[in-house]
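Student: One structure, as structure tokens, below. Some questions next.
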Amino acid sequence: MQLIEVQAGNCTGCRLCEMACSLVHEGECSTARSRIRVFRDEEFGNNLISVCLHCADPCCVESCLYGALNRDSATGLVGVDTRLCIGCGDCIVACPLSILDKDRATVLKCDLCGGDPECVKVCFSGALVLKDLDPGSPARKSLRDKTSQHLQQMQGTGKPGSRATSSL
Ligand code: SF4
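Each residue of the sequence shown is one higher than the one before, counting from 124 in the numbering used here.
Printed below as a string of structure tokens:
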């Protein structure tokens, strides 16, 4: 299935992906309402991209007691049914990539823009590429584990949370 391949080493930290995401989904350029997040690791001088991987074993789906998060059997994508979501935040805690966030009464969740993601279109550095990928592949699991570890390390040092500053 077509998914976003993340090459964080190519990321310039421009955050155009965040702007495009919030504009398309929310009608405004607000990085706080984006479904993709870019963090700057000041200690090592690199960027970390947190975006939903539509995992083969999604922790968010398992954590939701209300059945609001599910995998679409037709597309294979993990999505949220906002009619069922009560905004309890259990999925936000469960996601190892800290990509889910709450906005008003429901969670913000990447829907891959229906298969043609805007973040990929505006990423000119090659950090985000749409590719035919297996969500359950070892490479995909490794990406999730490494990104999760990196996020935890940054949070442990108190340095990560800093969202990347545009380098443009
Ligand atoms: S658009 Fe690409 S290069 Fe710019 S912050 Fe997003 S992932 Fe990084």
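Each residue gets a CB set at the ideal place from its N, CA and C atoms; glycine is no exception.
Hey, residue 129 and residue 251 are a contact pair by Cβ (cut 8 Å); roughly how many whole angstroms apart?
Tutor: In the sequence shown, residue 129 corresponds to position 6, counting from 1. In the sequence shown, residue 251 corresponds to position 128, counting from 1. The pair is a contact, with the Cβ atoms about 7 Å apart (cut-off 8 Å).
Student: Out of 124, 158, 238, 136, which one is the CA nearest neighbour of residue 248?
Tutor: Start at 1 with the first residue of the sequence shown, and residue 248 comes out as number 125. If we check each option's Cα against that of residue 248, 136 comes out closest.
Student: With DSSP as the reference, label residue 130 as helix, strand or coil.
Tutor: For the purposes of this step, residue 130 is taken as residue 7 along the sequence shown, with counting starting at 1. In this structure, residue 130 counts as coil in the three-state DSSP scheme.
Student: Output the residue ranges of the beta strand (DSSP E) runs that lie fully inside the segment 130–216 and measure 3 residues or longer, sorted by chain position.
Tutor: You should have 159–164, 169–174, 192–194, 201–203.
Student: Who pairs with residue 275 in a beta bridge, going by DSSP?
Tutor: One-based indexing of the sequence shown puts residue 275 at position 152. In the DSSP output, where bridge partners are listed per residue, residue 275 has none listed.
Student: Can you round the beta-carbon distance between residue 171 and residue 131 to whole angstroms, since I take them to be within the 8 Å contact cut?
Tutor: Here residue 171 corresponds to residue number 48 of the sequence shown, with the count starting at 1. Here residue 131 corresponds to residue number 8 of the sequence shown, with the count starting at 1. About 6 Å; that satisfies the 8 Å criterion.
Student: Indicate whether the contact test is met: 3 or more Cβ pairs, each with one atom in the segment 254–266 and one in the segment 140–149, closer than 8 Å.
Tutor: The segment 254–266 vs the segment 140–149: no contact.
Student: Between 220, 138, 231, which has its C-alpha nearest residue 272's C-alpha?
Tutor: Sequence index remark: in the sequence shown, residue 272 carries index 149 (1-based). Considering only alpha carbons, the answer is 220.
Student: List the DSSP bridge partners of residue 253.
Tutor: As a first step, residue 253 is located in the sequence shown; it is residue number 130 there, counting from the start. Answer is 127.
Student: Compare the Cα-Cα distances from residue 208 to each of 188, 244, 195 and report the closest residue.
Tutor: As a working note, residue 208 is residue 85 in the sequence shown. Comparing Cα positions, the closest option is 188.
Student: Return helix, strand or coil for residue 239, following the three-state DSSP convention.
Tutor: Locating residue 239 in the sequence shown gives position 116, counting from the first residue. Three-state DSSP puts residue 239 in coil, outside helix and strand.
Student: Taking the alpha carbon of residue 239 as the point to measure from, which residue in 182, 152, 198, 274 has its own alpha carbon closest?
Tutor: Numbered from 1 along the sequence shown, position 116 holds the residue referred to as residue 239. For the residues 182, 152, 198, 274, the minimum Cα distance to residue 239 belongs to 198.
Student: Starting from residue 224, trace the beta strand (DSSP E) both ways and give me its first and last residue.
Tutor: Translated into positions along the sequence shown, residue 224 becomes position 101. Its beta strand (DSSP E) spans residues 224–226.
Student: Determine the direct distance from the alpha carbon of residue 206 to that of residue 270, and round the result to whole angstroms.
Tutor: Locating residue 270 in the sequence shown gives position 147, counting from the first residue. Locating residue 206 in the sequence shown gives position 83, counting from the first residue. Each residue's alpha carbon lies about 30 Å from the other.
Student: With DSSP as the reference, label residue 231 as helix, strand or coil.
Tutor: Within the sequence shown, numbered from 1, the residue matching residue 231 stands at position 108. Reduced to three states, the DSSP call for residue 231 is strand.
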